[in-house]
Amino acid sequence: MTGSDPSKDMIDYDPHHWWRHLLKLRGGILQEIVGRLGVFTIWTVAVTWFHLNVHKVDVPATGHTLAGTVLSLLLVFRTNSSYDRFWEGRKLWGGIVNETRNLLRAAALNIRSPDLLRRLAAWTAVYPYAVTRVLRRGGGLGPAAAVLPPAEIERVMASRNAGLAVALRMSAVVAEARQLGFISDIVQMEIDRNVHLLIDYQGGCERIVKTPLPFAYMLHLRRTLIVFILGLPFALVESFGWATVPVILLIAHTFLGIEEIGVEIEEPFGTEDNDLPLEGISESIANTLDELVPWRNQLIASPALSYAGAPTGKEPSSEA
Amino acid sequence: MTGSDPSKDMIDYDPHHWWRHLLKLRGGILQEIVGRLGVFTIWTVAVTWFHLNVHKVDVPATGHTLAGTVLSLLLVFRTNSSYDRFWEGRKLWGGIVNETRNLLRAAALNIRSPDLLRRLAAWTAVYPYAVTRVLRRGGGLGPAAAVLPPAEIERVMASRNAGLAVALRMSAVVAEARQLGFISDIVQMEIDRNVHLLIDYQGGCERIVKTPLPFAYMLHLRRTLIVFILGLPFALVESFGWATVPVILLIAHTFLGIEEIGVEIEEPFGTEDNDLPLEGISESIANTLDELVPWRNQLIASPALSYAGAPTGKEPSSEA
Amino acid sequence: MTGSDPSKDMIDYDPHHWWRHLLKLRGGILQEIVGRLGVFTIWTVAVTWFHLNVHKVDVPATGHTLAGTVLSLLLVFRTNSSYDRFWEGRKLWGGIVNETRNLLRAAALNIRSPDLLRRLAAWTAVYPYAVTRVLRRGGGLGPAAAVLPPAEIERVMASRNAGLAVALRMSAVVAEARQLGFISDIVQMEIDRNVHLLIDYQGGCERIVKTPLPFAYMLHLRRTLIVFILGLPFALVESFGWATVPVILLIAHTFLGIEEIGVEIEEPFGTEDNDLPLEGISESIANTLDELVPWRNQLIASPALSYAGAPTGKEPSSEA
Amino acid sequence: MTGSDPSKDMIDYDPHHWWRHLLKLRGGILQEIVGRLGVFTIWTVAVTWFHLNVHKVDVPATGHTLAGTVLSLLLVFRTNSSYDRFWEGRKLWGGIVNETRNLLRAAALNIRSPDLLRRLAAWTAVYPYAVTRVLRRGGGLGPAAAVLPPAEIERVMASRNAGLAVALRMSAVVAEARQLGFISDIVQMEIDRNVHLLIDYQGGCERIVKTPLPFAYMLHLRRTLIVFILGLPFALVESFGWATVPVILLIAHTFLGIEEIGVEIEEPFGTEDNDLPLEGISESIANTLDELVPWRNQLIASPALSYAGAPTGKEPSSEA
Amino acid sequence: MTGSDPSKDMIDYDPHHWWRHLLKLRGGILQEIVGRLGVFTIWTVAVTWFHLNVHKVDVPATGHTLAGTVLSLLLVFRTNSSYDRFWEGRKLWGGIVNETRNLLRAAALNIRSPDLLRRLAAWTAVYPYAVTRVLRRGGGLGPAAAVLPPAEIERVMASRNAGLAVALRMSAVVAEARQLGFISDIVQMEIDRNVHLLIDYQGGCERIVKTPLPFAYMLHLRRTLIVFILGLPFALVESFGWATVPVILLIAHTFLGIEEIGVEIEEPFGTEDNDLPLEGISESIANTLDELVPWRNQLIASPALSYAGAPTGKEPSSEA
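Following this line, the structure appears as structure tokens:
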């Protein structure tokens, strides 16, 4: 359903190329903060002009020195917290990659029913798209949805939480495998533990989406930043003269840029340039899973790894 | 019982809107620190007036420069620790969301008794309200309590720890399912592990509520902050003149604001503006669980996912 | 045996009350550092007097500015590490709270022998006191010890590690329950996993008690701090005159106080004001567990939650 | 196939030798940043010459002081984040070491088939090479591949994800052991849990490789760094004269070096000097595993540890 | 074999004694850095003499102020990372303490064979010594080795990884207990999970030993430190005169000391003063385990806790 549009992917770059990218606009934060920079520049020009032509309004820089340290710390800590959220989000999606692999690996080796396996593989391939749909409040269920019963897909699309609905269907197939005697309850529980983890990871992503930095934190940081920059011309104008304007522009660029990065990366599941390429990851999961199901048939046919039991039918297991 | 009052929810905001909110009072910390700012302003006015009109009392700023770095660090680290507690609290509630989902998912697929399932679903929907009642020392058990036996609800309300009492009732339903032969001990233990995790998460929340920052830490930070700001007029008055007053007001606003944020977010389970929306989360858990129980019936009826065993009665399982 | 003496508890306070506590001595660190402050004040008076009356001994403040940043960082990082240890210790005790609850919850629902359950509940209630005895190198086993065989209690008191000895007795009761056919090995292992976790948490606490900050770290920090403060009068005396004395007193108070907080909280299992209220937590565990055992009888009697099996005797379980 | 080329290994050094290595080029970052240093030196020379001979262009250093703190913080935090990634990568490989050991230990003691055990040992020894192949997008499967069926090896080499393909074959051997009645499903699940963990660790490594620092973060840091250094001559030239050139060279070396270290270590799976010695680790895993399989025979022959059952054939286990 | 030599233990100290230890040499880092301090002092004397007697060579301190912040941050972050490694190492050994306790506790209650139990206890007591042997590349297997078959001990001593070899023997005893019908596969797997954890912890320690801080990080930090201190006399000499020498000595002591602490504690498994007392921990593990085995006999004999089954022989368990 949804193809992977490369222009929507996270920017991939080689950090060893130092000079490249420096003038790039896309993915940077310049276009985001240019309005704010304009406001502060106009203010600086006005204060400087007033100071030089009308009346001296300079103060010493001691106040800025004292407040600058605490503001810098707060700013960088905030951006660091945002990066931790970004990285946690990435880890959660990494967990989704891992557990879909583990689930289908365990199933492929223990559930000896091609039909059940195919259904399980399809739902598993749909799962990351369903999580994306939850996190982005919209979106389709990916190409694997085409091989599943349309009525079921419709129910999933209509449910409150598509991820949860798909996970339930995955668990249902595993439960069915036990009902039909393909696996024991021990094996069912072990395979189902992967679904358990998938739901944990999905819940972690929802938590990040739903919980921004506490409002008071964001607000105080911004207010302090504004007061700090608005006051800066008074502290610099006497010694810098008209050089106050470019100097404050650069300082404002530094501070506002750090704040903006914090905003950009604290919720990494959107569709902006610095967000995670959820669709690319989902596609890559589906591709890896695709390899698994034919692989099983190969494996069973391969003499070096052949099973003792008959590969074609349901074996009588001791537990069932 | 308790409805979700939107005015009590955490402030949800879009951090990409930069200028919006800046003048908002609600959710910010200005109203909290305005008294302190007043005290320090009066002091600054007094010192400045005394210095300019009676007798010079200025000292160099070297002392403030040296102490400013360590104070800034301590302040920002403290606020960061509070944020870690906030985020840990959010994670614990995220865990409660996840495990209620996992518990009912596993139960829906393995316990083939509509009656037991309904009871388990109701207790599970009550659970987050019960935890909220423990954390806020009061509050009802939510709408799902209406479908449970009033005598049981009364016992829960009368118990020392409502969360624990509800968790026990959830475990009891699962144990009953094994007694009646619906599930094996393996499956019982696996489902019960979700209750285990719920109790761990609840315990984590209680720990955060019951353990503030060590008293000595808070006290030393505040004393140092007060001494630092009270001393500031002496260091600035000679070079700033009457500008000392607004400059110190802004510096005090910066420092006191950071400290106040630390206080606001270190215990995120209350009912203040920056606290977590526990009622909203509880409601949303209940809604998701509601979807699960009818879903099971659907699933069993759906031919593509139908079970081999009879969906209406108790099946003879190999373990029982 | 040991009652909860409120004067030994951690100070509980409401961080929203800003001005309160500021003049409190108890729980603060002033009485700890007052001797050091005295030494440095005498030194400062001596240097200032010598400088003003005998011979100029001032140096510029550049050295202190350069060393001040690194010293501040080291100091605050150290205090932060201590806070991490404090919080880890609190988490470990939180884990003890959780697992005693989980253990008795699982036992109450699965072990249908009032006698075994009562013994298990008593040992579980004794456990946190036993851990406290290990961490504080002394202390009794709490009120629940009175209902246990005195010979056993004596053996526990005589053992090298009372916590471990009690944990073993808890495991022994669970093992006995399986021997007697009340539970299967699956259920035994699952309940015993809680004991496993309890021993892990206890071991974590012992680790914190036995491992202070590396000696070289503590020593270098203190030496640097002393040199820094001893050198400070030389850097300030020329510009501050006699104001050097109060200024250095306040700076020393700031720095020494941060170091002292690090010392106070790095080992939070003692009986000082800022230590964790282990006895209060132990009592609260015992109270919660007390509710569990009668609760079980209630539960079994309650028709809405009644078991199919006979509640009065040992049921024949399918596993035994 | 791939031998361990010592020149490709991570540099091992004794940090206690302080003066050694200082002049080393290999492994340091000097050769990486020498171009950038050249550019900034030429610029500094040009500005200094212009200032001294043509027209004064100096500004005060206040701007650099204010921006310097925030830039330093951002830089060191970034390098710290990179170190966290480095250490996480090392932990993940440590996990691969541990779980290959655990897997073969558990298998050696429970699977009483020399043939299966030998196959499992070979696939396990191949696994770390397969992961290396995934992370470095190329490379062979190591010496143990020689004893495995060439057709299987070819299939692994042709698959999208060699690590996953090998893990599947490991699981397949364990599944086969249960099919043949050597182990129960409980034991199969327990051994397979090691494969589960291996796939988790591999996925963690892939995550680190595929996710650089967010583009905007890297870009803003570099832009700010460039502006900061380009502006530095103006701030220093009046007071430093020609000494501006070496001073700025050293400052630029400090700042650019920290940034470069962040780049070098954020993705530690390559073949550069500061990357992890994946081949050395893989070899060492294979050597340790080699010891395990003959060891089993020893163990079985040893009278003090002999088994009751016959060591030569398949024993009738109670579960099969 | 190896006794515990107290002079090799980590220094245990009471951090509440503030003035004590200050003049201690042992355990501090003074003897390590005294050579470096000498070099920098000679250099400072030379520069000062040259400046005062031959030709002025002073520069302003602005460069040092700008570079000082970033250097301080890098230095303290590095030392903090080393402390994290120290603490992680301590946690891993704490894990070894916990899991040896858990293993023998579970075994003592479930394996009813005095002979097997005695063997298991001996191997478990040997294990921490074996890990120490791996981490320190040498050392004996401790006193418990005396009661084990010398041929086995020899094989362990000859193996590549003594820890792994001992762990295998522990697992082998547990596997034998199942072979002989003392325990079911469920119980075997649960007990063996402790061995699994022991191998994980051991692997974690090996990882810390084998992976120093990335070479480039260490090198850049040292180079920057040297350049910073070598340049310092030029920045201070004009205003400090001969006082430059003691001031730089103290600053160098501060910075070099922090770096040296980072080196001392980043690999805490050696035999230096600030390393962990591995032998003391190993001895204490052995002592605790010693208490366990006789305890079991006591327990079985004690009427209040007696088992229903016959304590003397092998009981017929339902699983075997």
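Protein chains in written order, with full-length UniProt numbering: chain E, 1 to 320; chain Y, 1 to 320; chain H, 1 to 320; chain F, 1 to 320; chain C, 1 to 320.
Yeah, the Cβ is synthetic: ideal placement off N, Cα and C, and Gly gets one too.
Between the region 141-156 of chain E and the region 212-221 of chain E there are fewer than three inter-stretch CB-CB distances shorter than 8 Å, so the stretches are not counted as touching. Secondary structure of Y/Tyr127 (DSSP, three-state): helix. Taking 7 Å as the upper bound on Cβ-Cβ separation, chain F lies near residues Arg36, Val59, Pro60, Thr62 of the region 30-62 of chain C.
Separation of the CB atoms of F/Ala175 and F/Gln188 is rounded to 7 Å, and the pair is thereby assigned contact status at 8 Å. Taking 7 Å as the cut-off between beta carbons, the residues of the region 236-267 of chain C near chain H are Leu236, Ser239, Phe240, Ala243, Val247, Leu250, Ile251, Thr254, Phe255, Gly257, Ile258, Ile261, Glu264, Ile265, in sequence order.
Boundaries of the alpha helix (DSSP H) harbouring C/Tyr201: 185-210, taken from the DSSP string. Proximity to H/Glu190 across H/Ala130, H/Val126, H/Gly241, H/Ile111 peaks at H/Ile111, based on C-alpha coordinates. Under the Cβ distance rule, Y/Pro15 counts among the residues neighbouring chain E, one pair being separated by less than 7 Å. From the beta-carbon of H/Val76, the residues of chain Y found nearer than 7 Å are Val70, Leu73, Leu74, Phe77. Non-local C-beta neighbours of H/Gly27 in its own chain, meaning closer than 6 Å and more than five positions away in sequence, comprise Ile11, Asp273, ordered along the chain. Between H/Leu219 and chain C, the shortest Cβ-Cβ separation is below 7 Å. Ranking H/His21, H/Arg20, H/Thr41, H/His17 by CA distance to the CA of H/Ile248 puts H/Thr41 first. For E/Ala61, the secondary structure class from DSSP, reduced to helix, strand or coil, is coil. Nearest CB-CB separation between H/Arg101 and chain Y: below the 7 Å threshold. Here H/Ile33 has His253, Leu256, Gly257, Glu260 as same chain residues with Cβ atoms under 8 Å from its own Cβ, once five neighbours each way along the sequence are excluded.
Put simply, the backbone Cα of E/Leu73 is about 59 Å away from that of E/Ser113.
Closest in C-alpha terms to C/Ile226, from the list C/Arg193, C/Leu198, C/Leu75, comes C/Leu75.
Contact of H/Ser171 with chain C by beta-carbon distance below 8 Å involves Arg105, Ala106, Leu109.
Note on the region 53-116 of chain C: there is no whole beta strand (DSSP E) run with a minimum of 3 residues. Any Cβ of chain F closer than 7 Å to the Cβ of C/Ile199 would place that residue at the interface, and such an atom is present.
If you look at Y/Thr271, you'll find it isn't in any alpha helix (DSSP H); DSSP assigns it neither H nor E.
DSSP places Y/Pro150 in the uninterrupted alpha helix (DSSP H) bounded by 150-158.
Only exposed fits E/Thr271, as fewer than 16 other CB atoms lie within 10 angstroms of its CB. Separation of E/Glu267 and F/Arg85 (C-alpha to C-alpha, rounded to the nearest whole angstrom) is 20 Å. Only buried fits C/Arg101, as 16 or more other CB atoms lie within 10 angstroms of its CB.
Shown here, Y/His16 sits in coil according to DSSP, grouped into three states, outside any helix or strand.
When 7 Å is used as the limit between beta carbons, F/His196 is near these residues of chain E: Asn102, in chain order. A residue is called buried when at least 16 other Cβ atoms come within 10 angstroms of its Cβ; C/Val147 does not meet this threshold and is exposed.
Taking all protein chains shown into account, H/His21 has 16 or more neighbouring C-beta atoms within 10 Å of its C-beta and is therefore buried. In this structure, H/Thr44 lies near H/Val245, with their beta-carbon atoms less than 7 Å apart. For F/Arg119, same chain residues with a beta-carbon under 6 Å away, outside a window of 5 residues either side, are Val173 in chain order. Residue range 162-179 is occupied by the alpha helix (DSSP H) that includes Y/Ala167. In this structure E/Ala243 does not touch F/Val39 by the C-beta definition: roughly 23 Å separates them, more than the 8 Å allowed.
Sequence-distant partners of Y/Asn161 (beyond 5 residues in either direction) whose C-beta falls short of 8 Å from its own C-beta, in its chain, are Val134. Setting aside the 5 residues that flank it on each side, Y/Val195 is surrounded in the same chain by Ala167, Met170, Ser171, each with a C-beta closer than 6 Å to its C-beta; the list follows chain order.
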